[in-house]
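**Student:** For reference, the structure I am asking about is given below.
Numbering (our numbering), first residue to last: 12 to 223.
And the structure:
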């Protein structure tokens with residue numbers, strides 16, 4: 012079982028660090044200065060050491076989303092004590108629970124673990140909801156962010172359906188070239204739905220083919 016330690020530095024001023032998030036959002040939808048200023052005031056940073064599990068995001072500042080400024084994070088679930096890696100997320104991506112407008116809650120509670128020393132920007136849903144109400148362009152931004160998340164979910168679903176372990180690993184390398192060498196083998200095997208021994212065999216075979 013993972014534990015939370017005092018190594019997590021909470022609620023650091025994020026005025027300067029927020030620039031990465033603003034650049035990302037502005038690239039999707041131009042934002043007026045008032046929105047940017049409010050985002051800088053409402054956003055704060057947390058630093059998480061390698062291998063640490065993030066605290067429950069709801070306990071930080073209510074329901075919220077995180078933007079990864081630096082590092083690599085995996086999302087995982089526990090199913091009868093079995094640890095299953097659901098997502099691998101690197102810099103300039105969002106993590107957090109996507110709210111369901113219906114009454115159904117999540118089947119499993121996702122948790123997040125830093126695979127490298129990581130820095131994340133936290134912005135609460137109460138602030139996001141306020142933006143939706145006061146600034147129409149943020150609803151356009153939300154739609155684009157949702158489309159990105161849907162596409163990532165679709166890619167993940169397709170990857171899991173590929174029957175060949177070799178093809179799953181090959182597709183992962185094509186789809187995620189920036190993180191293929193940054194993920195510990197056991198978590199990558201879990202993400203790809205195979206045993207560590209199978210992944211090791213696939214990688215060894217690939218290296219031998221590259222030498223030929």
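Here a beta-carbon is modelled for each residue, glycine too, at the ideal position from N, C-alpha and C.
Remember, predicted model here, so these are calculated numbers, not experimental data.
Is there at least one non-hydrogen atom of the ligand HEM closer than 8 Å to the beta-carbon of residue 62?
**Tutor:** Of ligands this structure carries none, so the ligand HEM is not represented either.
**Student:** What alpha helix (DSSP H) runs, 4 residues minimum, are completely inside the stretch 77-148?
**Tutor:** You should have 136-145.
**Student:** Could you have a look at residue 58 and say whether DSSP puts it in helix, strand or coil?
**Tutor:** Stepping through the chain shown from its first residue, residue 58 is reached at position 47. Here residue 58 sits in strand by DSSP.
**Student:** Measuring CA to CA, which of 195, 165, 48, 206 is closest to residue 186?
**Tutor:** Counted from its first residue, the chain shown places residue 186 at position 175. The shortest Cα separation from residue 186 among 195, 165, 48, 206 belongs to 165.
**Student:** Measure the Cβ-Cβ separation of residue 36 and residue 109 and say whether it is below 9 Å.
**Tutor:** Position 25 of the chain shown, counting from 1, holds the residue named residue 36. Position 98 of the chain shown, counting from 1, holds the residue named residue 109. No; because the gap between Cβ atoms is not below 9 Å, this pair is not in contact.
**Student:** Any idea if residue 129 is buried or exposed, counting beta-carbon neighbours within 10 angstroms, 16 or more meaning buried?
**Tutor:** Taking the chain shown and counting its residues from 1, one reaches residue 129 at position 118. That one is buried.
**Student:** Roughly how far, in whole angstroms, is the beta-carbon of residue 126 from the beta-carbon of residue 61, given that I think they are within contact range, below 8 Å?
**Tutor:** By one-based count along the chain shown, residue 126 stands at place 115. By one-based count along the chain shown, residue 61 stands at place 50. Confirmed, Cβ separation roughly 7 Å.
**Student:** When the Cα atoms are used, what is the spatial distance from residue 184 to residue 196?
**Tutor:** As a working mapping, residue 184 is identified with position 173 in the chain shown. As a working mapping, residue 196 is identified with position 185 in the chain shown. When rounded, the distance between both Cα atoms is 13 Å.
**Student:** If you draw a straight line from the C-alpha of residue 176 to the C-alpha of residue 217, how long is it?
**Tutor:** Mapped onto the chain shown, residue 176 falls at position 165. Mapped onto the chain shown, residue 217 falls at position 206. The straight-line gap from Cα to Cα measures roughly 12 Å.
**Student:** What's the call for residue 145, buried or exposed, on a 16-neighbour Cβ count within 10 Å?
**Tutor:** As a working note, residue 145 is residue 134 in the chain shown. Per the 10 Å Cβ criterion, exposed.
**Student:** If you count every other CB in all the chains shown that lies within 10 Å of the CB of residue 44, and 16 or more means buried, which is it?
**Tutor:** Translated into positions along the chain shown, residue 44 becomes position 33. By the neighbour-count rule (16 or more Cβ atoms within 10 Å), residue 44 is not buried but exposed.
**Student:** According to DSSP, residue 75 sits in a beta bridge with which residue or residues?
**Tutor:** As a first step, residue 75 is located in the chain shown; it is residue number 64 there, counting from the start. For residue 75, which the question treats as bridged, DSSP gives the partners 135.
**Student:** Let's see if you can read the secondary structure: which residues bound the alpha helix (DSSP H) around residue 197?
**Tutor:** Stepping through the chain shown from its first residue, residue 197 is reached at position 186. Where residue 197 is concerned, the enclosing alpha helix (DSSP H) stretches over 196-203.
**Student:** Beta-carbon within less than 6 Å of residue 96's beta-carbon, same chain only, minus the 5 sequence neighbours each way: which residues are those?
**Tutor:** To locate residue 96, count along the chain shown from 1; it is residue 85. Taken in chain order, the residues that qualify are 85, 87, 198, 201, 202.
**Student:** To the nearest angstrom, how far is it from the Cα of residue 222 to the Cα of residue 205?
**Tutor:** The residue given as residue 222 occupies position 211 in the chain shown. The residue given as residue 205 occupies position 194 in the chain shown. Rounded to whole angstroms, residue 222 to residue 205 spans 25 Å at the Cα level.
**Student:** So, using beta-carbon positions, are residue 241 and residue 151 closer together than 9 Å?
**Tutor:** Examination of residue 241 is not possible in this model, given that the chain is present from 12 through 223 alone.
**Student:** How big is the Cα-Cα spacing for residue 83 and residue 58?
**Tutor:** The residue you call residue 83 lines up with position 72 of the chain shown. The residue you call residue 58 lines up with position 47 of the chain shown. C-alpha separation (whole angstroms): 12 Å.
**Student:** The alpha helix (DSSP H) spanning residue 223 covers which residue range?
**Tutor:** As a first step, residue 223 is located in the chain shown; it is residue number 212 there, counting from the start. Here residue 223 belongs to no alpha helix (DSSP H), and DSSP marks it neither H nor E.
**Student:** Identify every residue that forms a DSSP beta bridge with residue 213.
**Tutor:** To locate residue 213, count along the chain shown from 1; it is residue 202. DSSP, once it has assigned bridges, lists no residue as partnering residue 213.
**Student:** Do you know how far the Cα of residue 78 is from the Cα of residue 34?
**Tutor:** Here residue 34 refers to the residue found at position 23 of the chain shown. Here residue 78 refers to the residue found at position 67 of the chain shown. Answer to the nearest angstrom: the Cα atoms are 12 Å apart.
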